[in-house]
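Here's the structure, in structure tokens; my notes come after.
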Amino acid sequence: MGAAARRRLFETVRDHLGMHVQKLHARLGRKIFRKDASVRNCDGSCCLKGSVASYDEYRNIMKHRRLIAPHMTSRARHKPERWFEARVKADPDYLCGKAVATRVLDGRCVFLRDDNLCALHVAGEKELGTPFKLKPAICLLWPLCVVDGELDVGYASFTRRKECCAAVRHGERTIYDVIGPDDAAIRMMARPENSRGGSGEMPKPRRR
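Going letter by letter, the sequence shown gives residues 0 to 207 in numbering that gives the first Met the number 0.
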């Protein structure tokens, strides 16, 4: 991933994914992944313990619940009120300032299907023409994350899958190398119709 692609990644996160990101963490440039590490080796195990959506993303998912339900395999697929935890938490890493966690049922995220595909990804692609319409930003970005206003590496300690995105002591690749094949997807996230800024408009940064 060259300099232009790296800049495009940061600008996409900052301007189009509803994240309150202001700078890059130094870890992004460090070689902390195995030579063969790649997001193409993902098996969906990182989704087992659930995820988090901004409150804006949560509302968008619930708005499209009738389109999403047929693509789910969870026993709660016809009960949208069970898709998310009841508590909405303050989260300054989102421009809207609030987030809500997905529920975990039968040992997996309610949106993780029996074939280990994300129902939100599949529903967006099949019903709305793009997988980026419904999937939470935190899932789109992984193994990147935003913490305290910084774009950082998300450590996959809960899976320990070094062939995918778990860090190692003496690595040969940076996170940019690991996600490099996804530059086309990053470009798509920045398209006006996929922007979380609303109607393609760039969201205004929140003041702390």
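The C-beta atom is built at its ideal place from N, Cα and C for all residues, glycine as well.
- Cα-Cα separation, Leu16 to Thr72: In this structure, the CA atom of Leu16 is about 27 Å from the CA atom of Thr72.
- Query: Bridge partners of Ala98, per DSSP?
  - Reply: Note: Ala98 sits in a beta bridge opposite Ser53, Lys88.
- Query: Run through DSSP, which three-state label would Phe110 get?
  - Reply: Three-state result, Phe110: coil.
- Whose CA, out of Asp176, Arg190, Val146, lies closest to the CA of Gly128? Looking at the Cα atoms, Arg190 is the closest of the given residues.
- Touch check for the segment 10-25 and the segment 81-98: three-plus C-beta pairs under 8 Å? The segment 10-25 is in contact with the segment 81-98.
- Item | Terminal residues of the beta strand (DSSP E) in which Leu143 lies | 143-146 is the span of the beta strand (DSSP E), which, as asked, contains Leu143.
- Query: When the Cα of Pro142 is compared with those of Glu84, Ala183, Gly106, Cys41, which residue comes out closest?
  - Reply: Ranking the options by Cα distance to Pro142, first place goes to Cys41.
- Query: What do you get for Ala52, buried or exposed, if any count of 16 or more other CB atoms within 10 angstroms of its CB means buried?
  - Reply: Ala52 should be labelled buried.
- What residue range is occupied by the uninterrupted beta strand (DSSP E) comprising Val177? That residue, Val177, is in no beta strand (DSSP E); its alpha helix (DSSP H) goes 174-178.
- Query: Are at least three pairs of beta-carbons, each pair with one atom in the segment 164-183 and one in the segment 100-120, less than 8 Å apart?
  - Reply: No, the segment 164-183 does not touch the segment 100-120.
- Message: Restricting to Cα atoms, I'd like to know which of Asn59, Trp82, Gly123 is closest to Leu104.
- Response: Comparing Cα-Cα distances from Leu104 to each of Asn59, Trp82, Gly123, the minimum goes to Trp82.
- Query: According to DSSP, which residues form a beta bridge with Met18?
  - Reply: In the DSSP assignment, the residues bridged to Met18 are Tyr93.
- Message: In whole angstroms, give me the CA-to-CA distance for Lys97 and Ile60.
- Response: Approximately 15 Å, taken between the alpha carbons.
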